[in-house]
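**Student:** I'd like to ask you about the structure that follows.
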């Protein structure tokens with residue numbers, strides 16, 4: 002047995018100790034792993050021929066793989082740099098052994114090395130991806146973008162090996178395609194976050210550091226936010242919602258274009274609605290969106306009420322005599338209803354005037370009784386302005402009906418507190 006085949010066994014013993022020591026600290030793991038790697042490297046240096054060197058290269062890859070699997074879990078993240086370094090060296094070991102084996106090793110051996118190389122490249126790409134995804138969750142989009150770019154070379158290497166080996170690596174090729182799709186989504190999400198941060202910075206400069214508002218800079222901010230929206234669309238809904246909200250803020254507070262701002266804010270709420278049951282009530286961008294929309298609603302309500310007051314004031318002046326007459330006869334709920342039924346009868350087609358005998362019986366009704374409330378409710382139903390056809394009966398009659406309704410409602414509210 003050659004010395005190059007004895008030394009790897011010593012290295013494997015080191016790796017076995019590292020794998021068994023599950024509670025070892027990173028420094029202790031490193032103290033066991035490094036001698037193992039050194040032992041296997043020594044076997045390559047002492048190889049007596051090319052066949053031994055090829056075998057040592059494969060052993061080097063396997064021993065690194067054992068140490069990596071036992072000690073460097075990619076989900077742990079304690080020694081992520083060493084993990085990627087080991088995977089990279091494993092791939093180089095496979096490549097070196099493969100290149101020297103054409104005339105020395107069988108086709109099956111070379112196919113086994115192709116699969117090992119593809120598997121290592123896939124592991125390396127997965128390491129980069131998981132590290133980048135973790136960084137993105139923590140808001141570090143720069144490192145995430147760097148890690149996602151690192152993923153493409155291992156993925157392309159798996160594709161290359163799959164092409165030259167036929168269908169033997171279809172399982173690894175399928176995994177690499179899934180990984181590539183995940184990398185694309187995370188790259189878009191990180192790029193969206195990057196574009197939004199660029200826009201935030203330029204907006205701060207435009208609003209605080211410039212004596213006069215630089216509109217060119219403002220429109221550049223809008224471009225960055227729109228780019229963030231496009232990159233996140235159908236990829237990361239939360240990032241899209243944040244960018245939409247930012248656009249709403251620019252149009253609301255800077256450009257004073259309420260309608261455009263309202264469009265972006267409404268779309269933000271639609272995106273938030275699609276992410277239920279997640280809630281964003283504590284997020285600043287969501288609070289800004291809700292506050293702005295509530296302000297718009299209040300402005301619309303006040304504007305409508307002001308327009309209504311202006312229209313109503315005109316007809317109130319024309320109805321001055323009628324209102325004075327109704328007010329004069331407003332001595333009680335029953336007296337009021339009897340007077341308006343006789344003098345200003347409702348114009349609803351379904352209303353039938355009560356007989357004189359029925360109206361005479363109303364005088365004996367006690368306030369708060371069921372029969373008393375029933376008389377008031379019927380009067381409210383026929384005089385309510387929402388039941389008046391403005392086109393048929395005119396605005397003047399609608400205003401008068403509204404004034405009568407207010408007076409009857411006042412009596413009805415008192416019945417709620419009657420004993």
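In the numbering used here, the protein residues as written are 2 to 420.
Heads up, the beta-carbon is just placed ideally off N, CA and C, and yes, glycines get one too.
1. When burial is assigned at 16 or more other CB atoms within 10 Å of the CB, is residue 415 buried or exposed?
2. On the three-state DSSP scale, how would you describe residue 141?
3. Would you report the Cα separation of residue 311 and residue 411, rounded to the nearest angstrom?
4. Any idea if residue 165 is buried or exposed, counting beta-carbon neighbours within 10 angstroms, 16 or more meaning buried?
5. Taking 8 Å as the threshold, find out whether the segment 150-169 comes into contact with the segment 121-130 through three or more Cβ pairs.
6. Can you tell me where the alpha helix (DSSP H) with residue 385 in it begins and where it stops?
7. Relative to the C-alpha of residue 147, which residue among 177, 191 and 200 is closest?
8. Who are the Cβ neighbours of residue 137 in its own chain at under 8 Å, not counting the five residues just before and after it?
9. Per DSSP, what kind of secondary structure is residue 154 in: helix, strand or coil?
10. Around the Cβ of residue 155, are there at least 16 other Cβ atoms within 10 angstroms (buried) or fewer (exposed)?
11. When you compare the segment 299-313 with the segment 326-336, are there three or more beta-carbon pairs, one atom per stretch, that lie closer than 8 Å?
12. If we count Cβ pairs, one from each stretch, closer than 8 Å, do we get three or more for the segment 238-250 versus the segment 286-294?
13. Would residue 1 and residue 174 be called neighbours here (beta carbons separated by less than 8 Å)?
14. Should residue 240 be labelled buried (16 or more other beta-carbon atoms within 10 Å of its own) or exposed?
15. Could you tell me the alpha carbon to alpha carbon distance between residue 363 and residue 277, rounded to whole angstroms?
16. Find the nearest neighbour of residue 361 within the set 168, 373 and 322, judged by alpha-carbon distance.
17. For residue 315, is the classification buried or exposed, using 16 other Cβ atoms within 10 angstroms of its Cβ as the cut-off for buried?
18. Residue ranges of each alpha helix (DSSP H) run of no fewer than 4 residues wholly in the segment 181-233, ordered along the chain?
19. I'd like to check one pair, residue 196 with residue 225: are the Cβ atoms closer than 8 Å?
20. Going by DSSP in three states, residue 281 sits in which element: helix, strand or coil?
21. Using a Cβ-Cβ cutoff of less than 7 Å, which residues in the same chain neighbour residue 354 once the five nearest sequence positions on both sides are dropped?
22. Write down the C-beta distance between residue 265 and residue 258 rounded to the nearest angstrom, noting that I regard them as a contact closer than 8 Å.
23. Just to confirm my understanding: we take residue 267, look at its own chain, exclude 5 residues before and 5 after, and list those with CB closer than 8 Å. What are they?
24. Can you tell me the Cα-Cα spacing of residue 340 and residue 367, whole angstroms?
25. Beta-carbon within less than 6 Å of residue 158's beta-carbon, same chain only, minus the 5 sequence neighbours each way: which residues are those?
26. When the Cα of residue 182 is compared with those of 168, 130 and 262, which residue comes out closest?
27. Which of the three DSSP states is assigned to residue 316 in this structure?
28. Taking the alpha-carbon of residue 233 as reference, which of 139, 321 and 185 has the nearest alpha-carbon?
29. Does the Cβ-Cβ distance between residue 319 and residue 397 come in under 8 Å?
**Tutor:** Here's the rundown:
1. exposed
2. coil
3. 24 Å
4. exposed
5. yes
6. Here residue 385 belongs to no alpha helix (DSSP H), and DSSP marks it neither H nor E.
7. 191
8. Counting only Cβ-Cβ distances below 8 Å, and skipping sequence neighbours, we find 145, 187, 190, 191 and 194.
9. Shown here, residue 154 sits in a helix according to DSSP, grouped into three states.
10. Buried.
11. no
12. Result yes; three or more Cβ-Cβ pairs closer than 8 Å.
13. Because residue 1 is not part of the residues shown, which for the chain are 2 to 420, the question remains open.
14. By the neighbour-count rule (16 or more Cβ atoms within 10 Å), residue 240 is buried.
15. 55 Å
16. 373
17. exposed
18. 216-233
19. yes
20. coil
21. 342 and 346
22. Between residue 258 and residue 265 the Cβ distance is about 10 Å, and since that is not below 8 Å, they are no contact.
23. 294
24. 19 Å
25. 122
26. Out of 168, 130 and 262, 130 has the C-alpha closest to the C-alpha of residue 182.
27. Helix at residue 316.
28. For residue 233, the nearest C-alpha among the options comes from 185.
29. yes
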